[in-house]
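Novice: Please read through the structure below; I'll follow up with questions.
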Amino acid sequence: MHPTHNEGQRKSTAKAILAKIMRNETQVLFVDAARYWSRGAYAVSVVDAHGSLVNTATVVTNFTHEAEEMAIAVALQGCTGASIIYSDSRRAIRTSSAALVSSKTATVVNKLCYQERGEDNFPSSHIRWFPAHMENISGSPSCNPNERADQLARELTFRVCGRPPRFNVACRNLDNKDPLVSYHELTSHHRTLSTGSHLGGAAGLIGGAFGTTFFLLRT
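Structure, rendered in structure tokens:
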């Protein structure tokens, strides 16, 4: 579901997910990343189902999906048991589900799995997709934790770099985390225009328990 062409369906999906979360006692975390507009790095944030901050970090990379992968890894550090991690980056979910992420993320996760907690004590975590940029969801007790994670990540970048100039070229497309990937998305995009990827960095393999815990929600 692409934000330009499936807004109604995305909002319905977001409402259904948040309603289900309120009935579930499993630990739930939301992650997001925001780019420092004046440098090649991203701030990542992790919040709980109520929008409360759990953890933050900065990752040096020029690629949004690598920052989103690291956000998932940072969330794993805050998992206390079986958990569900929601990300609005489909690409980061796919690379994590395939246990093929950036070398930086692989280093963090493998250290957590093999050195800090041990493979037998590694939390069982599912990573699922949540629609981005849905603002506050009416009727949800927690509003929208995904938007809160996005807000906190942006605030971190503003503290370091200040707010970006309004018309600065470097600030364009900072949120290009949902590129057109499917045949339907591509044809819909070109149809709209007519009427009116590179995977950066070295890849790292995640082994052991972490590589088998992910669940990819159909998007």
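Each residue of the sequence shown is one higher than the one before, counting from 9 in the numbering used here. C-beta: ideal position from N, C-alpha, C; glycine also. Since the model is a prediction, treat every value here as computed from it, not as a measurement.
#1: Does DSSP put ALA41 in a helix, in a strand, or in coil?
#2: Where does ALA65 land, buried or exposed, given buried means 16+ other C-beta within 10 angstroms?
#3: Taking a contact to mean a Cβ-Cβ separation below 9 Å, would you say GLU74 touches VAL116 in this structure?
#4: Please name the residue, chosen from SER20, ASN70, SER53, that lies closest to VAL62 on a Cα-to-Cα basis.
#5: CB PHE38 to CB PHE166, shorter than 9 Å?
#6: Let me make sure I understand the geometry here. Which of TYR94, ALA51, LYS112, GLU124 has the alpha-carbon closest to that of ILE25?
#7: Please give me, in chain order, every unbroken run of the beta strand (DSSP E) with length at least 3 that falls completely inside the region 103-138.
#8: In terms of DSSP beta bridges, what is ASP4 paired with?
#9: In angstroms with no decimal places, state the Cα-to-Cα distance between GLU77 and ILE29.
#10: Which same chain residues end up closer than 6 Å to ASP158 when comparing Cβ atoms and leaving out the 5 residues on each side of it in sequence?
#11: Taking 9 Å as the threshold (C-beta atoms), are ALA90 and SER60 in contact?
#12: So does ALA24 have its beta carbon nearer than 8 Å to some heavy atom of the ligand ATP?
#13: Do ALA161 and ALA81 have their beta-carbon atoms positioned less than 9 Å apart in this structure?
#14: By DSSP, does THR72 sit in helix, in strand, or in coil?
#15: Distance, Cα to Cα, CYS169 vs TRP45?
#16: I need the straight-line Cα distance from ALA49 to LEU164, nearest angstrom please.
#17: State the start and end residues of the unbroken beta strand (DSSP E) segment that holds ASN152.
#18: Name the one or two DSSP bridge partners that THR64 has.
#19: Take LYS23 as the anchor and find which of CYS151, GLU33, ASP128 has the nearest alpha-carbon.
#20: Tell me the DSSP bridge mates of SER95?
#21: Looking only at C-alpha atoms, which of ARG125, ASN14, ALA57, ALA51 sits nearest to GLU33?
Specialist: Well, looking at it:
#1: strand
#2: When all chains shown are included, ALA65 counts as buried.
#3: Judged by beta-carbon spacing, VAL116 lies beyond the 9 Å limit of GLU74, meaning their Cβ atoms are not closer than that value.
#4: SER53
#5: no
#6: TYR94
#7: 108-110, 133-137
#8: Any answer about residue 4 is impossible in this case: the structure gives the chain only from 9 up to 227.
#9: 22 Å
#10: ASP40
#11: no
#12: Although the ligand ATP was asked about, the structure shown includes no ligands whatsoever.
#13: no
#14: helix
#15: 7 Å
#16: 12 Å
#17: That residue, ASN152, is in no beta strand (DSSP E); it is neither H nor E in DSSP.
#18: SER53
#19: It is CYS151.
#20: VAL39, TRP137
#21: ALA57
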